[in-house]
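Asker: Before I ask anything, let me first share the structure, which is written out below as structure tokens.
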Amino acid sequence: MADRFTENPMAEMTALARAVSNTEKDRRIRCGDGLAVKLLGGKFKFIAKVPPVRALMKRIHRKITPGGYGYIIARTIYFDQLLTHLPFEQLIILGAGFDSRAYRYAHVLKDKKVFEVDHPELVARKKTKLQSVLGRLPEHVHYVPVDFNVDSLKDSLVSAGYNPAVPALFLWEGVSMYL
């Protein structure tokens with residue numbers, strides 16, 4: 068029997084929204100995440116790549132969660148801008164899912180430590196996908212498997228090389244409501 072985590076496709080749904088936003092005619096609502104579609108699999112990739120299916124998905128999304136699609140894209144664009152405007156030495160992405168900032172902004176983050184924190188099963192899936200898409204895992208990214216309901220976030224981060232005395236930027240998109 069699947070657990071609550073494996074039944075929840077939110078990481079894929081968020082990546083799908085980012086992939087779909089890259090097809091928008093209005094460039095103000097394109098989040099610039101060209102890697103999102105490559106990280107998708109199966110039905111999610113199909114939805115992102117087939118225009119009539121993509122349009123149907125957007126209509127359904129608007130009906131079920133009005134404003135949800137726009138919210139995902141707005142927060143993606145906003146947090147992307149923070150990476151280039153704030154001083155920090157470490158980036159911690161909590162509930163990283165299929166977030167691709169560490170790879171899209173590698174030129175900005177190459178001399179910083181990046182910690183991608185998420186559920187152990189999702190971390191493993193993402194690493195497999197990334198190796199397939201990128202050919203190898205970037206050295207500046209530290210993958211931190213954490214079950215937020217059970218594990219100590221601080222202990223897990225410190226074990227992965229996080230230094231609490233060094234300036235850090237924490238990004239936490241769309242996870243806290245599931246805890």
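Quick note on my numbering: the sequence shown kicks off at 68 and runs consecutively.
From the three backbone atoms N, C-alpha and C, an ideal C-beta is built for every residue, glycine too.
Being a predicted model, the structure only gives us computed values, none of them experimental.
1. Would a C-beta distance cut-off of 8 Å place residue 146 and residue 240 closer than the cut-off?
2. Would a C-beta distance cut-off of 8 Å place residue 79 and residue 123 closer than the cut-off?
3. For residue 196, does the three-state DSSP call read helix, strand or coil?
4. Using the rule of at least 16 other Cβ atoms within 10 Å of the residue's Cβ for burial, across every protein chain shown, is residue 180 buried or exposed?
5. So which of 95, 88 and 96 has the shortest CA-CA distance to residue 102?
6. Quick check on DSSP: helix, strand or coil for residue 181?
7. Would you tell me roughly how many angstroms separate the C-alpha atoms of residue 166 and residue 82, rounded to the nearest one?
8. To the nearest angstrom, how far is the alpha carbon of residue 225 from that of residue 235?
9. Which residue comes first and which comes last in the alpha helix (DSSP H) that contains residue 128?
10. So who's on the other strand from residue 235, going by DSSP bridges?
11. Straight-line CA distance for residue 247 to residue 137?
Answerer: Straight from the coordinates:
1. If you check the CB distance, residue 146 and residue 240 come in under 8 Å.
2. No, the pair does not count as a contact, with Cβ atoms beyond the cut-off.
3. Helix.
4. Taking all protein chains shown into account, residue 180 has 16 or more neighbouring C-beta atoms within 10 Å of its C-beta and is therefore buried.
5. Comparing C-alpha distances from residue 102 to each of 95, 88 and 96 shows the shortest one belongs to 88.
6. Here residue 181 sits in strand by DSSP.
7. Residue 166 and residue 82 have their C-alpha atoms some 7 Å from each other.
8. One alpha carbon belongs to residue 225, the other to residue 235, and they sit about 13 Å apart.
9. Counting along the chain, the unbroken alpha helix (DSSP H) around residue 128 starts and ends at 118 to 131.
10. Secondary-structure assignment with DSSP links residue 235 through a beta bridge to 157.
11. No answer is possible for residue 247: it lies beyond the span of the chain, which begins at 68 and ends at 246.
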